[in-house]
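Colleague:
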Amino acid sequence: MRPGGPEPLNPRRRNMQANRRRDTGPERAIRSALHAAGLRYRCDYRIDLRSGHRVRPDIAFTRRRIAVFVDGCFWHSCPEHGSNPRTNSGYWGPKLAGNRERDDRNTAELRAAGWAVIRIWEHESVAEAAEKIMNVVGRSSAPGSAGNVRDRNDDT
487 MRPGGPEPLN
497 PRRRNMQANR
507 RRDTGPERAI
517 RSALHAAGLR
527 YRCDYRIDLR
537 SGHRVRPDIA
547 FTRRRIAVFV
557 DGCFWHSCPE
567 HGSNPRTNSG
577 YWGPKLAGNR
587 ERDDRNTAEL
597 RAAGWAVIRI
607 WEHESVAEAA
617 EKIMNVVGRS
627 SAPGSAGNVR
637 DRNDDT
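Letter by letter, the sequence shown follows residues 487 to 642 in the working numbering.
This is the structure:
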């Protein structure tokens, strides 16, 4: 510790700490559009699965059992915009692969528990994302009957 105060943060550390887990710009924009359309939902709602895993969708329609994830292109390896960093690839390769595996596992476990899962990429327009969500919410008349939107390999 330097005299007179704590050590200044390493710029890389400060940059990593600025990455939010929730309330990202794309997530807030989509939530705003859904709210303006009259939909009400829960944010960062914790779902305890039978497997013992906990999942926190960005947006959850709890009565209809619809979970919405707004995935960042870098962190979730978007096929269009995701990139593999060249620096420290020994760390980032397994880290990003682990994120994809966790996403796939969470999606499968939520579906097995009767939840519909919608995954939105951060690069999708707010209007398209909101319309996709509203279509699924509008189709679901009973809990768990909403269906599922966008598998990992889909282009939509």
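Virtual Cβ for every residue (Gly too), placed ideally from N, Cα, C.
To the nearest angstrom, report how far apart tryptophan 683 and isoleucine 552 are at their CA atoms.
Modeller: Any answer about residue 683 is impossible in this case: the structure gives the chain only from 487 up to 642.
Colleague: If the criterion is Cβ atoms closer than 8 angstroms, does the pair histidine 609 and glutamate 566 meet it?
Modeller: Inclusion of histidine 609 and glutamate 566 in the CB contact set at 8 angstroms is warranted, their separation being smaller than that value.
Colleague: With H, G and I counted as helix, E and B as strand and the rest as coil, what does DSSP make of alanine 602?
Modeller: strand
Colleague: In angstroms, rounded to a whole number, what distance separates the CA positions of phenylalanine 555 and alanine 615?
Modeller: 11 angstroms
Colleague: In three-state terms, what does DSSP make of aspartate 589?
Modeller: helix
Colleague: Check the DSSP bridge columns for isoleucine 552 and list the partner residues they point to.
Modeller: Answer by DSSP bridge pairing, in chain order: Phe547 and Ala602.
Colleague: Taking contact to mean at least 3 C-beta pairs separated by less than 8 angstroms, is the region 587 to 605 in contact with the region 527 to 541?
Modeller: Enough Cβ pairs lie closer than 8 angstroms, so yes.
Colleague: Which same chain residues, not among the five before or five after arginine 532, have their C-beta less than 7 angstroms away from its C-beta?
Modeller: Arg540 and Arg542
Colleague: State the Cα-Cα distance for the pair alanine 628 and asparagine 496, rounded to the nearest angstrom.
Modeller: Confidence is the limiting factor: at alanine 628 the pLDDT is only 48, short of 50, which leaves the residue's position unreliable and the question unanswerable from this model.
Colleague: Just the Cα atoms here: how many angstroms apart are glycine 624 and serine 563?
Modeller: 30 angstroms
Colleague: If I measure Cβ to Cβ from aspartate 534 and keep anything under 6 angstroms in the same chain, skipping five residues before and after, which residues do I get?
Modeller: Arg540
Colleague: What is the rounded straight-line gap between the Cα of threonine 548 and the Cα of tyrosine 527?
Modeller: 7 angstroms
Colleague: Starting from glutamate 513 and walking both ways along the alpha helix (DSSP H), at which residues does that stretch end?
Modeller: 511 to 522
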